[in-house]
Structure formats: structure tokens, C-alpha cells
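A quick write-up on the structure given underneath.
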Amino acid sequence: MPSSRQSVTVIGLGPMGQAMAGAFLDRGYDVTVWNRTASRADDLVARGAVLAPDVERALAANELVVLSLTDYDAVYATLAPAEAALAGRVLVNLSSDTPEKARAAARWAAERGAVQLTGGVTVPPSGIGAAESSTFYSGPREVFDRHRPALEVITGRTDHRGEDPGLAALFYQIGMVMFWTSMLSYWQAIALADANGLTAADVLPHAVETAQSLPGFFSFYAERVDAGRHTGDVDRLAMGKASVEHVLHTHADAGVDTALPAAVVELFRRGMDAGHAGDSFSTLVELLKKPAG
Numbered sequence: 154m155p156s157s158r159q160s161v162t163v164i165g166l167g168p169m170g171q172a173m174a175g176a177f178l179d180r181g182y183d184v185t186v187w188n189r190t191a192s193r194a195d196d197l198v199a200r201g202a203v204l205a206p207d208v209e210r211a212l213a214a215n216e217l218v219v220l221s222l223t224d225y226d227a228v229y230a231t232l233a234p235a236e237a238a239l240a241g242r243v244l245v246n247l248s249s250d251t252p253e254k255a256r257a258a259a260r261w262a263a264e265r266g267a268v269q270l271t272g273g274v275t276v277p278p279s280g281i282g283a284a285e286s287s288t289f290y291s292g293p294r295e296v297f298d299r300h301r302p303a304l305e306v307i308t309g310r311t312d313h314r315g316e317d318p319g320l321a322a323l324f325y326q327i328g329m330v331m332f333w334t335s336m337l338s339y340w341q342a343i344a345l346a347d348a349n350g351l352t353a354a355d356v357l358p359h360a361v362e363t364a365q366s367l368p369g370f371f372s373f374y375a376e377r378v379d380a381g382r383h384t385g386d387v388d389r390l391a392m393g394k395a396s397v398e399h400v401l402h403t404h405a406d407a408g409v410d411t412a413l414p415a416a417v418v419e420l421f422r423r424g425m426d427a428g429h430a431g432d433s434f435s436t437l438v439e440l441l442k443k444p445a446g
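Residue numbers for the sequence shown follow the numbering used here, so the first one is 154 and each next one is one higher.
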């Protein structure tokens, strides 16, 4: 007699895929897994997962298929040899890539009788399965609603952003541009601290306090940016340029790498050259909306 338990296939068993498969096992799902390096499934199999011998049988095992691969090129390389088994499958594609590639992959899946739900997980593997963790999704709303209980196993919060399969990838990349740039600024600050005899622990309270001040600035500028209002009533680009030059000179005096602060100064310089010295430094948003040069 067939099992009445819910079931899912997880393809791709890096740290994220392993965490997802483990979360499904913890919630009582029948879990089928596949990975190019089969040994990565050993611990999951010991916990009750079934290792499919190939991708075709991994796809055939369940309607719901979670993809946790490096990028969409890896998705094609993995699924194309078994595309005959794609018909009727719901592909929860949690692989990271661009919005345009997400849209192309959704079309590719549809041409083979499958449906793609694009996903952008906002937490590392340690956050998988947690009620407070969240994932962006986009694609057919009916499919999202039907499989929402399973998606909530991956992260407790699920945020459907629309039918366009590229939207989840877009929101994910918006988060990533902020995360990576912010973390680089933290590494830069630690390098500067180290050059002056301070440790990361020494500057941590100040770094946290600075980071916690940012939401207030985000909220303040959002309405003004949307309105295209960059008047210099609260700050001026010329003053900002002087400040970022001081940051650059401080790094140069300390003998540490200046590539990141120099790039910031260059952006401010472009704004000045465009005639925005007396405007808010938020006017740099307008420069960033189009390629340099």
C-alpha cells in the first residue's frame, strides 16, 4: 500500500541541500535525494532518506522536487539528461542566479511539462527549518499555495512576490548586494583597526551600533528617493565627498588596501562632476541606475 505521508525529492546535497533534506526528514516526510557525489547522502540515508541511483529516478519519485544547486547552469547540466521525467513535476528552484536566468529556466521547465517555483532563501544552512527564517518565492500562485506546507518546512516564513518567476531571484539579489557590500565594509573596518593596533573585538560594539543605525537612514531616504527629491536640505554631496576622502586618506596613512574606499570616492566624484555638489548624496542613486561612463 502506498505511503500516506508527504514526500519530496531534494536534488543537490551541498550544505544547504543537506539541511533542507534533513528538515523534511525531521518533519516526517518521505525524502528521496540525489547528488553527483553520492557519499554526501550517507548521513541522510542513515536517517531514512532514499538515495536515487540517478536523476531520472529522483524526479520520478515525487511531484515536488527541491533543487539546491550552485547556479542555473548546474540545473540544466543536472536535469537535461533526464528531461523526459520532468513532465508533471513542480521544481522548487532554490539555486542562486539572476532574475533573467530564472525566467529562462521557468520557460525551459514549462516546455518540458514542469512548473518552476523560483525561490531565494535568505538564511544560511543553519537557518533552514527555523520558524523565523524566510524565503522569497515567485511563480504560479496556485502552485505556491498548494505546496506551501512543504515550503514552510524549509523556512517558516514564505513570501510570494508574484507570478513573474524572476521576482524571487531579484529580491534575493537585492539582499545579496547589501549583504556582501556591507560585510566587505566590515572587513575593511577590521583591517583599518588592525593597522592601528585594535582587534575585531575592540571595534565590535561600535560596528554593531553603526549597523543598527542604518534602518533609520533607509526609511528616511526611501520616500525621498521614490519622489526623486534629492535636495540638499539635510546633507550635501560635497560634504559627503570630503568625508569619504578622509576615510580613503586614513586607510592610505595606515598602509592598508584602499581599493574599496577609493571606489566610494570615485562614485562621489562622479556625482560632483555631474553637478550635484549641493544636492543630497542620495542623488548617487540616479548615477547607479545606469552604467558608468
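Ideal Cβ placement from N, Cα and C applies to all residues, glycine included.
Asked	Found
Report the start-end ranges of each alpha helix (DSSP H) in the stretch 340-424 that is 4 residues or longer and not cut off at the edges.	353-379 and 390-407
Can you name, in chain order, every residue of its own chain whose Cβ lies under 6 Å from the Cβ of D432, other than the five neighbours on each side?	H383, G385 and L390
For I281, does the three-state DSSP call read helix, strand or coil?	coil
Check for me: the alpha helix (DSSP H) holding F297 runs from which residue to which?	R294 to R299
In the DSSP output, which residue or residues are listed as bridge partners for Q269?	L244
If contacts are defined as beta-carbon pairs under 8 Å, then V418 and V438 qualify, I think. What distance do you get, rounded to the angstrom?	Wrong, their Cβ atoms sit about 17 Å apart, outside the cutoff.
Quick check: A149 and F289, are their CB atoms within less than 8 Å of each other?	For residue 149 there is no data in the structure shown, the boundaries of the chain being 154 and 446.
Quick one: Cα of L232 to Cα of L413, how far?	40 Å
Evaluate A510 with the Cβ neighbour count: other Cβ atoms within 10 Å of its Cβ, from every protein chain shown; 16 or more gives buried, anything less gives exposed.	Absent from the model: residue 510. The displayed extent of the chain is 154 to 446, so no value can be given.
Under a Cβ-count criterion, where at least 16 other Cβ atoms within 10 Å of its own Cβ denotes burial, should I164 be classed as buried or exposed?	buried
Shorter than 7 Å, the distance from the beta carbon of L390 to the closest heavy atom of the ligand PLP, or not?	The ligand PLP is not among the ligands present in this structure, which contains no ligands whatsoever.
Using DSSP with H/G/I as helix, E/B as strand and the rest coil, what is Y225?	helix
Do S221 and Y325 have their beta-carbon atoms positioned less than 8 Å apart in this structure?	no
With DSSP collapsed to three states, give me the class of D195.	helix
Figure out for me which residue from A213, V184, V208 and A354 has the closest Cα to the Cα of A199.	V184
Check T162 in the structure and name its three-state DSSP category.	strand
Just the C-alpha distance for P358 and Y339, rounded to the nearest angstrom, thanks.	12 Å
Output yes or no for whether 8 Å exceeds the beta carbon distance between L166 and L178.	no
Looking at C-alpha atoms only, which residue of R189, I307 and R423 is the closest neighbour of I281?	I307
Have a look at the DSSP bridge pairing and note the partners of D250.	None; D250 has no bridge partner.
Using alpha carbons as the reference points, say which of I343, D426 and S291 lies closest to G319.	S291
Please report the residue range of the alpha helix (DSSP H) in which V218 lies.	No alpha helix (DSSP H) contains V218, which is instead part of the beta strand (DSSP E) from L217 to L220.
Quick one: grab the DSSP three-state call for V330.	helix
Exposed or buried, T436, counting other C-beta atoms within 10 Å across all chains shown (16 or more means buried)?	buried
Within its chain, find whatever has a CB closer than 6 Å to the CB of L304; leave out the 5 residues flanking it on each side and keep chain order.	T311
DSSP state of A239, grouped into three classes?	In the sequence under discussion, the amino acid at residue 239 is Leu, which differs from the Ala named in the question. Coil.
What residues are listed by DSSP as bridge partners for D183?	S160
Taking L204 and V245 to be in contact with their CB atoms under 8 Å, please state how far apart those CB atoms are, rounded to whole angstroms.	With a Cβ gap of about 20 Å, L204 and V245 do not count as contacting.
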